[in-house]
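For the sequence shown, numbering that gives the first Met the number 0 begins at 0 and goes up steadily by one.
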Amino acid sequence: MKTTQICRHCGGDYTPKRRGAQKFCSNSCRSRHWYLKQDKTKLPGTTPSQEIAPDTSVTPPKKDSVNLAGVGNAAIGSITADIVQKFFTSKDNQPATKKDLEELKSFFAGKKYFPIHNLPVDVSGRKPYYNIETGHVEYLYLAPFEGS
(Lines of atoms letter the chains of each structure in order from A and count residues from 1; the text may use other names and numbers.)
(Lines give C-alpha, C1' and ligand atoms only; values in the text may rest on other atoms or scores of the structure.)
Protein backbone atom coordinates (compact mmCIF):
# COMPACT_ATOMS: atom_id res chain seq x y z
CA MET A 1 0.00 0.00 0.00
CA LYS A 2 1.70 3.12 -1.27
CA THR A 3 0.85 6.43 0.36
CA THR A 4 1.69 9.87 -0.84
CA GLN A 5 2.79 12.71 1.37
CA ILE A 6 3.08 16.45 0.91
CA CYS A 7 6.53 18.07 0.77
CA ARG A 8 7.09 20.53 3.63
CA HIS A 9 8.95 22.95 1.40
CA CYS A 10 7.30 23.02 -2.04
CA GLY A 11 3.94 21.42 -1.17
CA GLY A 12 4.18 18.82 -3.97
CA ASP A 13 3.09 15.19 -3.61
CA TYR A 14 5.73 12.45 -3.33
CA THR A 15 5.96 8.79 -2.41
CA PRO A 16 8.39 8.41 0.53
CA LYS A 17 11.09 5.76 0.31
CA ARG A 18 11.66 5.90 4.10
CA ARG A 19 8.33 6.18 5.87
CA GLY A 20 8.35 8.45 8.92
CA ALA A 21 11.86 9.80 8.28
CA GLN A 22 11.44 11.53 4.94
CA LYS A 23 9.78 14.95 5.03
CA PHE A 24 10.76 16.41 1.65
CA CYS A 25 10.34 15.29 -1.93
CA SER A 26 14.01 15.78 -2.88
CA ASN A 27 17.40 16.74 -1.51
CA SER A 28 17.14 20.19 -3.06
CA CYS A 29 13.86 20.86 -1.18
CA ARG A 30 15.44 19.61 2.07
CA SER A 31 18.55 21.80 1.76
CA ARG A 32 16.56 24.85 0.59
CA HIS A 33 14.17 24.50 3.56
CA TRP A 34 17.15 24.37 5.94
CA TYR A 35 18.72 27.43 4.31
CA LEU A 36 15.52 29.49 4.58
CA LYS A 37 14.99 28.37 8.16
CA GLN A 38 18.46 29.67 9.07
CA ASP A 39 17.71 33.14 7.74
CA LYS A 40 14.65 33.46 9.99
CA THR A 41 16.73 33.10 13.13
CA LYS A 42 18.86 36.20 12.43
CA LEU A 43 17.82 39.61 13.68
CA PRO A 44 15.56 41.46 11.24
CA GLY A 45 17.13 44.37 9.38
CA THR A 46 20.72 43.27 9.75
CA THR A 47 23.00 42.40 6.90
CA PRO A 48 26.34 40.62 7.12
CA SER A 49 28.18 43.96 6.90
CA GLN A 50 26.10 45.43 9.75
CA GLU A 51 26.73 42.62 12.21
CA ILE A 52 27.79 43.75 15.61
CA ALA A 53 31.56 43.68 15.94
CA PRO A 54 33.34 43.39 19.27
CA ASP A 55 34.73 46.55 20.80
CA THR A 56 38.10 47.14 19.17
CA SER A 57 39.19 50.03 21.36
CA VAL A 58 42.10 48.77 23.41
CA THR A 59 42.79 50.38 26.72
CA PRO A 60 46.49 50.74 27.41
CA PRO A 61 47.70 48.30 30.06
CA LYS A 62 48.17 49.73 33.51
CA LYS A 63 51.86 50.09 34.24
CA ASP A 64 52.89 48.33 37.42
CA SER A 65 55.03 50.52 39.57
CA VAL A 66 57.03 49.77 42.68
CA ASN A 67 55.78 51.59 45.73
CA LEU A 68 56.86 51.62 49.34
CA ALA A 69 53.75 49.83 50.60
CA GLY A 70 54.27 46.89 48.24
CA VAL A 71 57.92 46.52 49.21
CA GLY A 72 57.04 46.65 52.90
CA ASN A 73 54.30 44.04 52.54
CA ALA A 74 56.64 41.71 50.65
CA ALA A 75 59.36 42.06 53.29
CA ILE A 76 56.95 41.43 56.16
CA GLY A 77 55.51 38.38 54.40
CA SER A 78 58.96 36.93 53.71
CA ILE A 79 60.16 37.44 57.28
CA THR A 80 56.96 35.93 58.69
CA ALA A 81 57.28 32.87 56.46
CA ASP A 82 60.92 32.34 57.52
CA ILE A 83 60.05 32.62 61.23
CA VAL A 84 57.14 30.19 60.92
CA GLN A 85 59.30 27.74 58.96
CA LYS A 86 62.08 27.83 61.58
CA PHE A 87 59.56 27.48 64.42
CA PHE A 88 57.78 24.42 62.99
CA THR A 89 60.84 22.60 61.57
CA SER A 90 62.38 20.09 63.97
CA LYS A 91 66.09 20.09 64.69
CA ASP A 92 66.57 16.88 62.69
CA ASN A 93 64.95 18.29 59.54
CA GLN A 94 66.80 21.61 59.44
CA PRO A 95 69.39 22.04 56.68
CA ALA A 96 73.05 21.38 57.50
CA THR A 97 75.17 24.39 58.38
CA LYS A 98 78.90 24.96 57.95
CA LYS A 99 79.38 24.13 61.62
CA ASP A 100 77.64 20.75 61.15
CA LEU A 101 79.88 19.92 58.20
CA GLU A 102 83.02 20.85 60.14
CA GLU A 103 81.93 18.55 62.99
CA LEU A 104 81.50 15.68 60.53
CA LYS A 105 84.94 16.31 59.03
CA SER A 106 86.57 16.27 62.45
CA PHE A 107 84.68 13.07 63.35
CA PHE A 108 85.96 11.24 60.26
CA ALA A 109 89.49 12.67 60.38
CA GLY A 110 92.20 10.11 61.12
CA LYS A 111 89.90 7.10 61.11
CA LYS A 112 89.94 4.49 58.39
CA TYR A 113 87.40 1.93 59.67
CA PHE A 114 83.91 2.44 61.07
CA PRO A 115 81.84 -0.37 62.59
CA ILE A 116 78.67 -1.55 60.87
CA HIS A 117 76.08 -2.38 63.53
CA ASN A 118 73.36 -3.87 61.31
CA LEU A 119 75.49 -6.70 59.84
CA PRO A 120 76.12 -9.94 61.76
CA VAL A 121 79.50 -11.25 62.81
CA ASP A 122 80.96 -13.73 60.30
CA VAL A 123 81.64 -17.45 60.95
CA SER A 124 85.11 -16.90 62.40
CA GLY A 125 83.93 -14.18 64.82
CA ARG A 126 85.13 -11.11 62.92
CA LYS A 127 83.05 -7.92 63.06
CA PRO A 128 82.09 -5.93 59.92
CA TYR A 129 83.77 -2.57 59.35
CA TYR A 130 83.43 -0.01 56.56
CA ASN A 131 86.70 1.09 54.95
CA ILE A 132 86.39 4.79 54.09
CA GLU A 133 89.33 4.83 51.66
CA THR A 134 88.21 1.90 49.50
CA GLY A 135 84.45 2.03 50.15
CA HIS A 136 84.23 -1.71 50.91
CA VAL A 137 82.99 -3.74 53.87
CA GLU A 138 85.74 -5.71 55.58
CA TYR A 139 85.55 -8.25 58.41
CA LEU A 140 88.37 -7.59 60.91
CA TYR A 141 89.48 -8.30 64.46
CA LEU A 142 89.68 -4.70 65.72
CA ALA A 143 89.27 -3.11 69.12
CA PRO A 144 85.70 -1.98 69.87
CA PHE A 145 84.72 1.45 68.61
CA GLU A 146 85.05 4.16 71.29
CA GLY A 147 82.05 6.17 70.10
CA SER A 148 79.41 3.44 70.58
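Note that beta-carbon positions come from the ideal geometry of N, C-alpha and C, so glycine has one too. No experiment lies behind these values; they were computed from the predicted model shown.
> So, is K104 buried or exposed, given that buried needs 16 or more other C-beta atoms within 10 angstroms?
Replying inline: exposed
>> By the three-class DSSP mapping on this structure, what secondary structure does D81 have?
In response: helix
> Would you call the segment 123-140 and the segment 99-113 in contact, with 3 or more CB pairs under 8 Å?
Replying inline: yes
> Any idea if F86 is buried or exposed, counting beta-carbon neighbours within 10 angstroms, 16 or more meaning buried?
Replying inline: exposed
>> So for Y140, helix, strand or coil by DSSP?
In response: coil
>> What does DSSP give as the partner residue(s) for P127 in the beta ladder?
In response: Y138
> Quick one: Cα of V65 to Cα of G76, how far?
Replying inline: 16 Å
>> Assuming the contact rule is C-beta atoms closer than 8 Å, R29 and F23 should be a hit. Round their C-beta distance to whole Å, please.
In response: 4 Å
>> Please list the terminal residues of the continuous alpha helix (DSSP H) segment that includes F184.
In response: Given that the chain is displayed from residue 0 to residue 147, the structure contains no residue 184 and the question cannot be resolved.
>> Going by the DSSP bridge assignment, what does I5 pair with across the sheet?
In response: D12
>> Which same chain residues end up closer than 8 Å to R125 when comparing Cβ atoms and leaving out the 5 residues on each side of it in sequence?
In response: Y138, L139 and Y140
> Secondary structure at R86, three-state DSSP: helix, strand or coil?
Replying inline: Before going further, note that residue 86 is Phe rather than Arg in the sequence given. DSSP places F86 in helix when its eight states are reduced to three.
>> According to DSSP, F113 sits in a beta bridge with which residue or residues?
In response: Y129
> Does DSSP classify R18 as helix, strand or coil?
Replying inline: coil
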